[in-house]
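Engineer: Shown below is the structure under consideration.
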Amino acid sequence: MRLKLLSPGEMNPEQKETYDESIAGKRGAAPAPMMAWLNSPQMAKHATRLGEQLRFNTIFPAKLSEIAILVTARHWTSHYEWFAHKRLALKGGMDPKIIDDIRDRRTPTFDDPKGQMIYDVAKSLHEGHGVSKPLYDAALELLTVRGVTEVIGLCGYYTMVSMTLNTFEFGLPDGEVSDLA
Numbered sequence: 001m002r003l004k005l006l007s008p009g010e011m012n013p014e015q016k017e018t019y020d021e022s023i024a025g026k027r028g029a030a031p032a033p034m035m036a037w038l039n040s041p042q043m044a045k046h047a048t049r050l051g052e053q054l055r056f057n058t059i060f061p062a063k064l065s066e067i068a069i070l071v072t073a074r075h076w077t078s079h080y081e082w083f084a085h086k087r088l089a090l091k092g093g094m095d096p097k098i099i100d101d102i103r104d105r106r107t108p109t110f111d112d113p114k115g116q117m118i119y120d121v122a123k124s125l126h127e128g129h130g131v132s133k134p135l136y137d138a139a140l141e142l143l144t145v146r147g148v149t150e151v152i153g154l155c156g157y158y159t160m161v162s163m164t165l166n167t168f169e170f171g172l173p174d175g176e177v178s179d180l181a
């Protein structure tokens, strides 16, 4: 870990306010990257609010949102992010085979066309730096403009999360080993 994370007693009032707001939210705990973001308290406040919105309030159930998050974590080889969201994907009902395929950089087979579309859009955003016109049109028809916007938001937010976790070298909890090579 490249950064000393502050305990609540070491935080200045602005940091503590952001920390308290995060633990009072739907997560019930401070998200790991927020502990690094507290070095910029206003960034931490807004980023954590955005993360809560994207994690809990998109039009997609967790099983579908987690596709975009796992594609992002794998793209960035973010060990901590993968560890955290693999568990959430399984809890949300994602097929373990899909998770394994994303981990191994194979294209998964989805039984839900929305899952396939979210995967295709997320992969295109990360690997192609955008979305082709045919993919965009198909995504718009299947996911709606709100859904496409939220997939972009998920990929963008979790890119920032992955960059934070990777840069500051957040480790996995004791005894845990990364699935990512």
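Under my numbering, the first residue of the sequence shown carries the number 1, and numbering increases by one thereafter. Positions of the beta carbon are idealized from the N, C-alpha and C atoms, including for glycine.
1) Ignore the nearest five residues each way along the sequence and tell me which others in Trp37's own chain have a CB closer than 8 Å to its CB.
2) On a Cα-Cα basis, can you pick out the residue from Gly175, Ser78 and Asp137 that is closest to Asn166?
3) Thinking C-alpha only, which one of Ser40, Pro31 and Ala29 is nearest Pro13?
4) Using the Cβ count rule (16 or more neighbours within 10 Å means buried), how would you classify Met34?
5) Counting only runs of 4+ residues fully inside the stretch 44-131, write out the alpha helix (DSSP H) ranges in chain order.
6) In chain order, what residues of the same chain lie with their CB nearer than 8 Å to the CB of Glu127, ignoring the 5 residues before and after it?
7) Does the contact criterion of 3 or more C-beta pairs under 8 Å hold for the stretch 3-10 versus the stretch 129-144?
8) Determine the closest residue to Leu70 out of Asn57, Glu21, Leu50 and Gly115, with distance taken between C-alpha atoms.
9) Report yes if the CB atom of Ser178 is closer than 9 Å to the CB atom of Phe83, and no otherwise.
10) Measuring CB atoms only, is the stretch 83-92 touching the stretch 118-127, in the sense that at least three cross pairs come out at less than 8 Å?
11) Would you call the stretch 47-63 in contact with the stretch 17-28, where contact means no fewer than 3 C-beta pairs closer than 8 Å?
12) Judging by CA-CA distance, which residue of Leu50, Ala73, His129 and Ala30 is the nearest neighbour of Ile102?
13) Can you give the Cα-Cα distance for Ala181 and Tyr157, rounded to whole angstroms?
14) Tell whether a beta-carbon distance below 9 Å holds between Asp100 and Leu64.
15) If you draw a straight line from the alpha carbon of Thr18 to that of Met160, how long is it in whole angstroms?
16) Alpha carbon to alpha carbon, how far is Ile67 from Phe168?
Structural biologist: Checking against the coordinates, here is how it stands:
1) Met43, Ala44, Ala47, Thr48 and Thr164
2) Ser78
3) Ser40
4) buried
5) 62-75, 79-91, 96-103 and 113-128
6) His75
7) no
8) The residue among Asn57, Glu21, Leu50 and Gly115 with its C-alpha nearest the C-alpha of Leu70 is Gly115.
9) yes
10) no
11) yes
12) Ala73
13) 23 Å
14) no
15) 18 Å
16) 25 Å
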